[in-house]
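Worksheet: one structure, shown below.
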Amino acid sequence: MVQYREIARPTLLRGGVGDLPAHGLYWVEEGSGRIVKTMLDFRQDFIVTTFRFDADLRIDVPEQMTQQWRVERGTATFTATSTYGRFRRFNVQTDEKLR
Numbered sequence: 004m005v006q007y008r009e010i011a012r013p014t015l016l017r018g019g020v021g022d023l024p025a026h027g028l029y030w031v032e033e034g035s036g037r038i039v040k041t042m043l044d045f046r047q048d049f050i051v052t053t054f055r056f057d058a059d060l061r062i063d064v065p066e067q068m069t070q071q072w073r074v075e076r077g078t079a080t081f082t083a084t085s086t087y088g089r090f091r092r093f094n095v096q097t098d099e100k101l102r
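Just so we're aligned: the sequence shown equals residues 4 to 102 in our numbering.
Here is the structure:
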């Protein structure tokens, strides 16, 4: 497990109240170095994401994300969980011409 804490200003995340200093955790698989879970925690809100290896794509993909946040000055709490699946690879081609 790797822990981090944001200390610089301005912070990467900002809200209606200004800077949202974040801290959180990365769960790292010791043998491979793969990230299997992350947690982003800022003030009373958080996001937790779990990852799994997709054998067809041969990469780690998000499996589930849970978010919790408070609104109305902390009087209401919302929690949402998203699950992901049916990953597909898309091809993109671009051309550029210098003038």
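Beta carbons are placed, not taken as given, at the ideal position from N, Cα and C, and that holds for glycine. This structure is a prediction, so every number in the text was calculated from the model and none was measured.
Straight-line Cα distance separating residue j from residue i
{"i": "A11", "j": "G19", "result": "18 angstroms"}
{"i": "W72", "j": "M42", "result": "14 angstroms"}
{"i": "T86", "j": "L101", "result": "43 angstroms"}
{"i": "K40", "j": "W30", "result": "5 angstroms"}
{"i": "D59", "j": "N94", "result": "15 angstroms"}
Residue burial classification, residue i (beta-carbon count within 10 angstroms, cutoff 16)
{"i": "F54", "result": "buried"}
Minimum C-alpha distance to residue i - residue among the options
{"i": "E9", "options": "L16, Q96 and A25", "result": "A25"}
{"i": "G88", "options": "V5, D22 and D57", "result": "D57"}
{"i": "M4", "options": "E32, T14, L16 and R17", "result": "E32"}
Proximity of residue i and residue j at Cβ, strictly below 8 angstroms
{"i": "D48", "j": "G27", "result": "no"}
{"i": "F90", "j": "V64", "result": "yes"}
{"i": "Q67", "j": "T84", "result": "yes"}
Worksheet item: What runs of the beta strand (DSSP E), each 3 residues or longer, lie entirely inside the region 32-90?
Response: 38-45, 48-57, 62-74 and 79-86
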